[in-house]
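First up is the structure itself, then whatever we jot down about it.
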Amino acid sequence: GKLIGCALFVLFVNVALLPFMTILYNAYILQPWVLVTLFLGTIGFSIVGTILATITVQTRAREALLPLVMLPIALPVMLCAVRATTGILRGTPQEDWFVWVQLLLVIDVVYFGLSLVLYEYVVEE
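Numbers -2 to 122, taken from the numbering used here, label the letters of the sequence shown in order.
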């Protein structure tokens, strides 16, 4: 529930910002692989954000703690998404950037699996 709500909100913001990104970067952003990368990055970031928000909700300094804890864990998601998007928009051969999309998918699956396993424990604490 929380993950779906977070992911839908972030996807809505991403879609709303796509026209501005097209103008800002002077590039055609609505390419299929850019959208796939955008979706996978959003899902990964939402997974990390949801589980860490659940963990830090009981702490006193949650507003300061969440970004500090989230950055190193979400960094692989952001790195893969940036590298894949950069390769796609520059028009480099697919074999150069596709590994980043694959890695992003693997990271999403691992983070989702970990969040499923840890959620029961986190909610009990």
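Glycine included, every Cβ here is placed at the ideal spot set by N, Cα and C.
Since the structure is predicted, the reported quantities are computational estimates derived from the model, not experimental observations.
With burial defined as no fewer than 16 other Cβ atoms inside 10 Å of the residue's Cβ, what is the status of residue 101: buried or exposed?
-> Against the sequence shown, residue 101 aligns to sequence position 104. Result: buried.
With 16 as the cutoff for other CB atoms within 10 Å, does residue 22 come out buried or exposed?
-> Within the sequence shown, the letter at position 25 stands for residue 22. By the neighbour-count rule (16 or more Cβ atoms within 10 Å), residue 22 is not buried but exposed.
Within this structure, are the beta carbons of residue 98 and residue 39 separated by less than 8 Å?
-> In the sequence shown, the residue the question calls residue 98 occupies position 101. In the sequence shown, the residue the question calls residue 39 occupies position 42. Going by C-beta atoms, residue 98 is not nearer than 8 Å to residue 39.
Would you kindly check if the distance between the Cβ of residue 48 and the Cβ of residue 120 is under 8 Å?
-> One-based indexing of the sequence shown puts residue 120 at position 123. One-based indexing of the sequence shown puts residue 48 at position 51. Against a cut-off of 8 Å, the Cβ pair of residue 48 and residue 120 comes out as no contact.
Could you please give the first and the last residue of the uninterrupted alpha helix (DSSP H) stretch that includes residue 7?
-> As a working mapping, residue 7 is identified with position 10 in the sequence shown. Looking at the DSSP string, the run of the alpha helix (DSSP H) that includes residue 7 is -1 to 22.
Just how far apart, CA to CA, sit residue 7 and residue 57?
-> Here residue 7 refers to the residue found at position 10 when the sequence shown is read from its first residue. Here residue 57 refers to the residue found at position 60 when the sequence shown is read from its first residue. Going from the Cα of residue 7 to the Cα of residue 57 covers about 26 Å.
What's the C-alpha gap between residue 25 and residue 51?
-> Within the sequence shown, residue 25 is the residue found at index 28, counting from 1. Within the sequence shown, residue 51 is the residue found at index 54, counting from 1. About 37 Å.
First and last residue of the alpha helix (DSSP H) that includes residue 73?
-> Position 76 of the sequence shown, counting from 1, holds the residue named residue 73. It spans 59 to 87 - the alpha helix (DSSP H) in which residue 73 sits, taken as one unbroken run.
Measure the CB-CB distance between residue 37 and residue 105 and report whether it falls below 8 Å.
-> By 1-based counting over the sequence shown, the position of residue 37 is 40. By 1-based counting over the sequence shown, the position of residue 105 is 108. It is a contact, given that the beta carbons lie within the stated cut-off.
In the structure shown, what three-state DSSP assignment does residue 54 receive?
-> Position 57 of the sequence shown holds residue 54. Three-state result, residue 54: coil.
Tell me, to the nearest whole angstrom, how far the beta carbon of residue 44 is from that of residue 0; I am working on the premise that it is less than 8 Å.
-> In the sequence shown, counting from the first residue as 1, residue 44 sits at position 47. In the sequence shown, counting from the first residue as 1, residue 0 sits at position 3. Yes, residue 44 and residue 0 are in contact; Cβ-Cβ is about 6 Å, under 8 Å.
Are the CB atoms of residue 66 and residue 53 nearer to each other than 8 Å?
-> Mapped onto the sequence shown, residue 66 falls at position 69. Mapped onto the sequence shown, residue 53 falls at position 56. Yes, Cβ-Cβ distance for residue 66 and residue 53 is below 8 Å.
N- and C-terminal bounds of the alpha helix (DSSP H) containing residue 115 = The residue given as residue 115 occupies position 118 in the sequence shown. Looking at the DSSP string, the run of the alpha helix (DSSP H) that includes residue 115 is 91 to 121.
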